[in-house]
Structures are given as structure tokens and as C-alpha cells.
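Student: Dropping the structure in here first, questions after.
2 protein chains.
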Amino acid sequence: MSTRTSDRTDRTTATRTLERELSTLIRRLKRVVAERASEVHPDLQPAAYWILTHLEHHGSQRAATVADHLELDKGAVSRHVQHLLDLGLLDRSPDPDDGRATLLSLSEDGARRLSAVDEHRRQWFDEVLGSWDDDELAGFAGDLSRYNRTLEQARAVRDAARP
Amino acid sequence: MSTRTSDRTDRTTATRTLERELSTLIRRLKRVVAERASEVHPDLQPAAYWILTHLEHHGSQRAATVADHLELDKGAVSRHVQHLLDLGLLDRSPDPDDGRATLLSLSEDGARRLSAVDEHRRQWFDEVLGSWDDDELAGFAGDLSRYNRTLEQARAVRDAARP
DNA sequence: TCCAGATGGTTGACGAGTGCAACCAACGAG
DNA sequence: CTCGTTGGTTGCACTCGTCAACCATCTGGA
Chain A
0 MSTRTSDRTD RTTATRTLER ELSTLIRRLK RVVAERASEV HPDLQPAAYW
50 ILTHLEHHGS QRAATVADHL ELDKGAVSRH VQHLLDLGLL DRSPDPDDGR
100 ATLLSLSEDG ARRLSAVDEH RRQWFDEVLG SWDDDELAGF AGDLSRYNRT
150 LEQARAVRDA ARP
Chain B
0 MSTRTSDRTD RTTATRTLER ELSTLIRRLK RVVAERASEV HPDLQPAAYW
50 ILTHLEHHGS QRAATVADHL ELDKGAVSRH VQHLLDLGLL DRSPDPDDGR
100 ATLLSLSEDG ARRLSAVDEH RRQWFDEVLG SWDDDELAGF AGDLSRYNRT
150 LEQARAVRDA ARP
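Put into C-alpha cells, the structure is as follows:
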């Protein structure tokens, strides 16, 4: 497939494709997530869904940590958390180690609803990604992780260079 | 790497990773694009940048076609196009085949500015993705394309089923 | 020929989402 | 104790996308 010429042009094409594909991906995914979120709870805002899954994966955390991991403004996180608390999907308890902070974690209801949707999502992915075998899927997920880590490093370098 | 067990669990993990990685990717990319857009023109809105690159890639098109390809509301496209016209990055000419429609294309200035940034972007990707060799990059871009096409099909099926 | 419906495009209203900055409360090092 | 830092909340501004109403134009059929 590769011509092994390995010149600038090949790379430019690849990166341009990357950029364009990612753009359509973003739009498509936004819709998918909106749907997924509404499955968890009819009134759940899509963006808050990410916070929910993040806490599902990482366990109890303070809001600042979530904001840092998700690279979100702490104000945005604060609002989403409030929203999630209103819906009863999250529990908040004071951090015993720091009087300012509070620890966020899934509520029982939140965990239940999320795992119910986990199952549904697996079915959806199975249906949609049926043509991908396990290795391909794992490879793609791995590439994505690597790409993310690359971007993260680039960001860290940039942040460090900028006082 | 793969255990060849090929059971449900593997797949669930992969899809969950996929979902999470994609979410952080979206947020990161939003920043990158915002930066790229402002390089093209200080007042260029990030979302309009996609329309610009789309026209760069596909040539002259009417707004409705752009909206269809980018899966955007025609109202949104209309606004972005107006914005791009104001900035002088786009040209608009009446469609000779249809009195209602207008054909959009890059203006000379738009093309020049975009290609200037193309070069800059290549440098950026080279710097950031330096650890990826050509085949890996091409493979990743290919996977993304495939994933997009998969999502597109899923959407088409869904739309068809829904009157 | 003329009318009804479809289509291209514009616009206004609205809600989601986010960053920024100001602010308060609590921490921690000097 | 004081000062700078950090966790969190809130108001403001702005981008963005969707929905719906609207006008102009095209198109097929009576």
C-alpha cells in the first residue's frame, strides 16, 4: 500500500486526511453521545455524560481532578456536577483531607443506569462495528490512545514553554 | 497482545476505551482547530474552518451540498458562509443551472491563506507525530476513515428506518 | 398554463456548552 | 497571623447547532 517513497507529500496527505476525518467524526459522535446520554437519563446533558463515565472509570474524585483530566474549565465541571446532582446520578461528600474539596462519585442510581447502558452500548457497537475483528478494534483503540497521549505531550510542552 | 480469547469482555473493554478516548480526542482537537483557524485569519471562527477546508478539498459546491456532506444544519452553514464572505475567504456565484442556488468556492485570498497554513500544519504534525512512521500514520487515518464510513452507514440505516 | 409541493437559502429564537474572571472559603508555608 | 494558593461557585460573553418560519425558485402533473 505504502509506496515507501516516504516523502513530504505522503505525510501531508495523511495528516490532511486525519484532520478532515476527525472533523466529521466529531460531529457524528456528538449525536451518538447525545443519544447515549438520553438513554442513561432523559434529562442528562451530553457533556455531563462524559463526567459520569469518567467517574465510573476512575472512581471517587474531586471536581478539580475531573476538570484537569478532562481538560475542562472548572466552571463547566461545576455546572455539570450540579446538573448531575439534581438528577440524582452523583453523590457528593466532603473530602476528609481538605475542607474546601468535595469528593464526587456515582450514586447507586447513577451506577445502575450507567451499567444498563453499558450493555446497550456494547450491543450497539457490536452491531455497528460487526465488520471489525477484535484485533482491528484493539489496534484502532490503541492508535487513538497513542494519538491522545501524543497530543497531551504536545500540550504539556506548550504549557511549559508558556509562563 | 491479544489473548485470542475473543470473548465479550475483550470487546466491551475495547469499545469502552474507544468511547473514552474519542471523548478526550474531541476536546483536545477543538483547541487545536481553534488555533489553526486563527492562523488562517484572526477572525475566523473554528467551525467555519471546516467549511473552508471542505471546499478546498471538494472544489466549488452549493451550500446545501456542503451542509449535507458535513452533516450540518443548513442554517448553520448559511451563517458560516456569511462569515467567510465577510472575511473575504470565499467567493459566491449564482448557479447557472438553478436560480435559487449559489456556488461557493475559495477566494484567491482564502486559497492562499489556507495553503500557507497547510504548510504550517504539516510542520506541526511532523513535530507532534514525529514518532509515528508513515505506515502507522496511514493505518490510523485509514481506520478513522473506516470508522467514519461505518458510522455513516449506521446513520443511513437508521434514517431509512425512521420515516 | 397554472398550481402544489419540493428545494436552496436566509433569518430569528432558543438552548447547550465553554472559557474567563471575580469571588468566597479553606489550606499551608513563612 | 498573613499572604499566596487552591477548590469551588457564579455571572458574563461568546460560539455553535437546531428548529421553525419565511421567501424565491424550480418542477411535475392536472
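These protein sequences, in sequence, are chains A and B. Mind the numbering: the first sequence is residues 0 to 162 in numbering that gives the first Met the number 0, read in order. Mind the numbering: the second sequence is residues 0 to 162 in numbering that gives the first Met the number 0, read in order. Beta carbons are placed, not taken as given, at the ideal position from N, Cα and C, and that holds for glycine.
Using DSSP's beta-bridge definition, name the partner residues of GLN60 (chain B).
Tutor: As a position in the second sequence, residue 60 (chain B) is number 61, starting the count at 1. According to DSSP, which records beta bridges pairwise, GLN60 (chain B) is partnered with B:LEU103.
Student: Can you grab the Cα-Cα spacing for the pair GLY141 (chain B) / THR12 (chain A), in whole Å?
Tutor: By 1-based counting over the second sequence, the position of residue 141 (chain B) is 142. By 1-based counting over the first sequence, the position of residue 12 (chain A) is 13. About 12 Å.
Student: ARG15 (chain B) to THR101 (chain B), Cα distance in whole Å?
Tutor: Along the second sequence, read from residue 1 onward, the residue named residue 15 (chain B) stands at position 16. Along the second sequence, read from residue 1 onward, the residue named residue 101 (chain B) stands at position 102. Going from the Cα of ARG15 (chain B) to the Cα of THR101 (chain B) covers about 44 Å.
Student: Does the beta carbon of ILE25 (chain A) come closer than 8 Å to any beta carbon on chain B?
Tutor: Taking the first sequence and counting its residues from 1, the one referred to as residue 25 (chain A) is at position 26. Yes, contact with chain B.
Student: Return the chain-ordered list of same chain residues with a C-beta closer than 8 Å to the C-beta of GLN44 (chain A), the five sequence neighbours on each side being excluded.
Tutor: Within the first sequence, residue 44 (chain A) is the residue found at index 45, counting from 1. So the list reads ALA36, HIS79 and HIS82, once near-sequence residues are dropped.
Student: Quick one: what's PRO41 (chain A) bridged to in DSSP?
Tutor: As a position in the first sequence, residue 41 (chain A) is number 42, starting the count at 1. Paired residues: none, contrary to the question.
Student: Pull the bridge partners of ARG111 (chain A) from the DSSP assignment, please.
Tutor: Walking along the first sequence from the start, residue 111 (chain A) turns up at place 112. ARG111 (chain A) is not bridged to any residue.
Student: Give me the Cα-Cα distance between HIS57 (chain A) and LEU51 (chain A), rounded to the nearest whole angstrom.
Tutor: Numbered from its first residue, the first sequence carries residue 57 (chain A) at position 58. Numbered from its first residue, the first sequence carries residue 51 (chain A) at position 52. Taking the straight line joining both Cα atoms gives about 10 Å.
Student: If we call anything under 8 Å between Cβ atoms a contact, is ALA62 (chain A) one with LEU103 (chain A)?
Tutor: Position 63 of the first sequence, counting from 1, holds the residue named residue 62 (chain A). Position 104 of the first sequence, counting from 1, holds the residue named residue 103 (chain A). Yes, the Cβ-Cβ distance between ALA62 (chain A) and LEU103 (chain A) is below 8 Å.
Student: Taking 8 Å as the threshold (C-beta atoms), are ARG112 (chain B) and HIS40 (chain B) in contact?
Tutor: Translated into positions along the second sequence, residue 40 (chain B) becomes position 41. Translated into positions along the second sequence, residue 112 (chain B) becomes position 113. In this structure, ARG112 (chain B) lies closer than 8 Å to HIS40 (chain B) by Cβ.
Student: Going by C-alpha distance, which of A:VAL127, A:ALA115 and A:GLN60 is nearest ASP97 (chain A)?
Tutor: Position 98 of the first sequence, counted from the start, is the residue given in the question as residue 97 (chain A). Checking every option, the nearest Cα to that of ASP97 (chain A) belongs to A:GLN60.
Student: Just mark ASP90 (chain B) as buried or exposed, buried being the case when its beta carbon has 16 or more other beta carbons within 10 Å.
Tutor: Against the second sequence, residue 90 (chain B) aligns to sequence position 91. ASP90 (chain B) should be labelled buried.
Student: Sorted by chain position, which residues of the same chain lie with C-beta nearer than 7 Å to SER5 (chain A)'s C-beta, five sequence neighbours on each side aside?
Tutor: Counted from its first residue, the first sequence places residue 5 (chain A) at position 6. Because the pLDDT at SER5 (chain A) is just 47, under 50, the model does not fix this residue reliably, and the value given afterwards should be weighed accordingly. Excluding sequence neighbours, SER5 (chain A) sits near nothing in its chain.
Student: Rounded to whole angstroms, what is the Cα-Cα separation between PRO162 (chain B) and ARG148 (chain A)?
Tutor: Here residue 162 (chain B) corresponds to residue number 163 of the second sequence, with the count starting at 1. Here residue 148 (chain A) corresponds to residue number 149 of the first sequence, with the count starting at 1. The predicted position of PRO162 (chain B) is uncertain, since its pLDDT is 38 and thus under 50; a value taken from the coordinates is nonetheless stated next. Distance between the alpha carbons of PRO162 (chain B) and ARG148 (chain A): 42 Å.
Student: To the nearest whole angstrom, what separates the beta carbons of HIS53 (chain B) and LEU28 (chain B), a pair I think is in contact under 8 Å?
Tutor: As a first step, residue 53 (chain B) must be located in the second sequence, where it is residue number 54. As a first step, residue 28 (chain B) must be located in the second sequence, where it is residue number 29. The Cβ separation is near 16 Å, so there is no contact.
Student: Just curious, the alpha helix (DSSP H) that ASP85 (chain A) is in, first and last residue?
Tutor: Taking the first residue of the first sequence as position 1, residue 85 (chain A) is located at position 86. ASP85 (chain A) -> alpha helix (DSSP H) spans 73-85.
Student: Indicate whether at least one CB of chain B lies closer than 8 Å to the CB of LEU17 (chain A).
Tutor: Counting from 1 along the first sequence, the entry for residue 17 (chain A) is found at position 18. For LEU17 (chain A), the answer is yes, since a Cβ of chain B falls inside 8 Å of its Cβ.
Student: Can you round the beta-carbon distance between LEU17 (chain A) and LEU143 (chain B) to whole angstroms, since I take them to be within the 8 Å contact cut?
Tutor: The residue given as residue 17 (chain A) occupies position 18 in the first sequence. The residue given as residue 143 (chain B) occupies position 144 in the second sequence. LEU17 (chain A) to LEU143 (chain B), Cβ: 7 Å. Contact.
Student: Between SER114 (chain A) and VAL32 (chain A), what straight-line distance do the alpha-carbon atoms span, to the nearest angstrom?
Tutor: Here residue 114 (chain A) is taken as the residue at index 115 of the first sequence, counted from 1. Here residue 32 (chain A) is taken as the residue at index 33 of the first sequence, counted from 1. Going by the C-alpha atoms only, they are around 15 Å apart.
Student: Going straight from the alpha carbon of LEU71 (chain B) to that of LEU21 (chain B), what length do you get?
Tutor: Residue numbering aside, residue 71 (chain B) sits at position 72 when the second sequence is read from its first letter. Residue numbering aside, residue 21 (chain B) sits at position 22 when the second sequence is read from its first letter. If you take the alpha carbons of LEU71 (chain B) and LEU21 (chain B), they lie about 20 Å apart.
Student: When the distance is taken between beta carbons, is VAL116 (chain A) closer than 8 Å to GLU55 (chain A)?
Tutor: Position 56 of the first sequence, counting from 1, holds the residue named residue 55 (chain A). Position 117 of the first sequence, counting from 1, holds the residue named residue 116 (chain A). The answer is no: Cβ separation not under 8 Å.
Student: Using a threshold of 8 Å, state whether the C-beta atoms of PHE139 (chain A) and TYR146 (chain B) are closer than that.
Tutor: By one-based count along the first sequence, residue 139 (chain A) stands at place 140. By one-based count along the second sequence, residue 146 (chain B) stands at place 147. Cβ atoms of PHE139 (chain A) and TYR146 (chain B): closer than 8 Å.
Student: Please report the residue range of the beta strand (DSSP E) in which ASP90 (chain B) lies.
Tutor: The residue labelled residue 90 (chain B) in the question sits at position 91 within the second sequence. Run containing ASP90 (chain B): 89-93, per the beta strand (DSSP E) assignment.
Student: Report the rounded CA-to-CA distance for ARG3 (chain B) versus LEU24 (chain A), giving the unit in angstroms.
Tutor: As a first step, residue 3 (chain B) must be located in the second sequence, where it is residue number 4. As a first step, residue 24 (chain A) must be located in the first sequence, where it is residue number 25. Residue placement at ARG3 (chain B) cannot be trusted, given a pLDDT of 45 that sits under 50; what the coordinates show is reported in the next sentence. ARG3 (chain B) and LEU24 (chain A): Cα-Cα distance of roughly 29 Å.
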